[in-house]
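The structure appears right after this line, and notes come after that.
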Amino acid sequence: MLINKIKSLLFTAIYAIIRPEAVFADMYTLQNPINAGSFAEVVQKIAQLMTQIGLPIAAIFLVWSGFLFVSARGDEKKLETAKSAFYWTVIGTALIVGAYAIATAIVNFAQQL
Numbered sequence: 088m089l090i091n092k093i094k095s096l097l098f099t100a101i102y103a104i105i106r107p108e109a110v111f112a113d114m115y116t117l118q119n120p121i122n123a124g125s126f127a128e129v130v131q132k133i134a135q136l137m138t139q140i141g142l143p144i145a146a147i148f149l150v151w152s153g154f155l156f157v158s159a160r161g162d163e164k165k166l167e168t169a170k171s172a173f174y175w176t177v178i179g180t181a182l183i184v185g186a187y188a189i190a191t192a193i194v195n196f197a198q199q200l
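Put into structure tokens, the structure is as follows:
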């Protein structure tokens with residue numbers, strides 16, 4: 088048992104001394120995974136990604152609220168649910184588009200400075 092501990096400790100010590108990362112430490116550089124050169128570009132890419140994700144989801148909810156309207160068949164409670172779903176879908180879509188427009192305007196303004 089003690090011999091196994093000594094072997095593992097010795098192996099760890101030798102590996103720590105002669106590992107190639109320690110010898111060639113300046114060989115590795117970190118790459119930018121975002122492909123953006125400035126903070127403004129990062130904000131613009133995030134807004135674009137959220138728009139690309141949010142608008143298809145909004146379209147799905149718009150179709151769903153239309154389905155709720157059709158399936159209501161005059162029932163007041165179901166009709167109110169359908170109206171509410173449509174209302175909040177339009178509000179969400181406006182928020183998504185508005186956020187993208189504001190982010191793009193801020194980025195364009197910052198680039199002109």
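Taking the working numbering, the leading residue of the sequence shown gets 88, the next gets one more, and so forth.
All C-beta atoms, glycine included, are put in the ideal place defined by N, C-alpha and C.
Could you check where the alpha helix (DSSP H) with residue i kicks off and where it finishes?
i, result
"Ile121", "Segment: none, Ile121 is in no alpha helix (DSSP H) and carries neither H nor E."
"Gly185", "Glu163 to Gln199"
Quick one: residues in its chain with C-beta nearer than 8 Å to the C-beta of residue i, no 5 flanking neighbours on either side, listed in chain order?
i, result
"Tyr187", "Ala134, Gln135, Met137 and Thr138"
"Ile203", "The structure shown does not extend to residue 203, since the chain spans only 88 to 200, so no value can be given for it."
Excluding the five sequence neighbours on either side, which residues of its own chain have a C-beta within less than 6 Å of the C-beta of residue i, listed in chain order?
i, result
"Thr180", "Ala145"
"Thr116", "none"
By DSSP, does residue i sit in helix, in strand, or in coil?
i, result
"Met137", "helix"
State the Cα-Cα distance for the pair residue i and residue j, rounded to the nearest angstrom.
i, j, result
"Ile248", "Leu166", "Since the displayed the chain opens at 88 and closes at 200, residue 248 lies outside it and no answer follows."
"Asn119", "Gln198", "21 Å"
Let me know if residue i comes out buried or exposed under the rule of 16 or more other beta-carbons within 10 Å of its beta-carbon.
i, result
"Ser152", "buried"
"Val194", "buried"
"Ala192", "exposed"
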